Amino acid sequence: MLRPHISSIFCYGFGTPACVDEALLPSLLTCMVSVVNRDDIVPRLSVRSVQELVDSVLCPGQVAKTKAWMKEDWQAVKDLERVVELRRRGGPSAADSGEVAAGSSGDAGPVQDDDQKLMMLMEAGVERARAQRALRAEGGDLNGAMLRATAEEVADEPGPEDMEQPSAPPAPPAPSALDRLGGLWQDISHKISFPAAAGIQLGGFAELSE
1 MLRPHISSIF CYGFGTPACV DEALLPSLLT CMVSVVNRDD IVPRLSVRSV QELVDSVLCP
61 GQVAKTKAWM KEDWQAVKDL ERVVELRRRG GPSAADSGEV AAGSSGDAGP VQDDDQKLMM
121 LMEAGVERAR AQRALRAEGG DLNGAMLRAT AEEVADEPGP EDMEQPSAPP APPAPSALDR
181 LGGLWQDISH KISFPAAAGI QLGGFAELSE
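Counting in full-length UniProt numbering, the sequence shown runs from 1 upward without gaps.
Quick look at the structure:
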């Protein structure tokens, strides 16, 4: 009531309760200062209770469990990141997707659920046969099947050293004895005149007629 008339008025409360009337809250917002004495505001929040909470959180057993949970969560994040990176490729063909859709429309229950999982794997880029095999191996677990199919694809992909190298051109065949004689005859026929070369036979040399 005095706040509109005395703008500098302040009220300090010691041991004030944790709640206040909603009608008084706007009026007390700028002039009420509560002095907290240990557990005055929140009875259960004391130095002793905070110390017990810290001790229980930092005990070896709880630390080991927390580390195990964080490791599992981080591994799940890395698996998801790996799957997303490896699935950034073209989707399945329209014919395969149509076959899956046609097969799942006529069934119900678990069969329809399996078909939906199969369709999701194929939409992610997994081949139909590989997706079916992964689902059977993982007992219908979609995430496990995705990881298994991805690992199989990575194992099947050829490495840089396995890529087909261009083969060297084949070596020309060695000339036969007849080819060598023919070449020798051509050389001789070009070096001497035709009348002088008339007496030369392939089987040997005759006397050259002048």
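Using N, Cα and C, we set each Cβ at its ideal position, and we do this for glycine too.
From a predicted model like this one, the values you see are computed outputs, not experimental measurements.
Cβ-Cβ separation, Ala137 to Arg148 (assumed contact under 8 Å), whole Å
6 Å
Note down the Cα distance separating Asp55 from Trp74, rounded to an integer number of angstroms.
26 Å
On the DSSP letters alone, give me the boundaries of the alpha helix (DSSP H) that Glu52 sits inside.
Val47 to Val57
Arg82: which of Arg133, Arg48, Ala124 and Met120 sits nearest, CA to CA?
Arg82 has its Cα closest to that of Ala124, out of Arg133, Arg48, Ala124 and Met120.
Taking Arg130 as the reference, give the member of Gly139, Leu118 and Asp141 with the closest Cα.
Of Gly139, Leu118 and Asp141, the residue nearest in Cα terms is Leu118.
Flag Phe10 as yes when its Cβ comes closer than 8 Å to any non-hydrogen atom of the ligand SAM, and as no otherwise.
Summarising the ligand content, the structure contains no ligands, and the ligand SAM is consequently not present.
Return the bridge partner residues of Val33 from the DSSP annotation.
Tyr12
Where do the ends of the alpha helix (DSSP H) carrying Ala131 lie?
Per DSSP, Ala131 belongs to the alpha helix (DSSP H) from Arg128 to Ala137.
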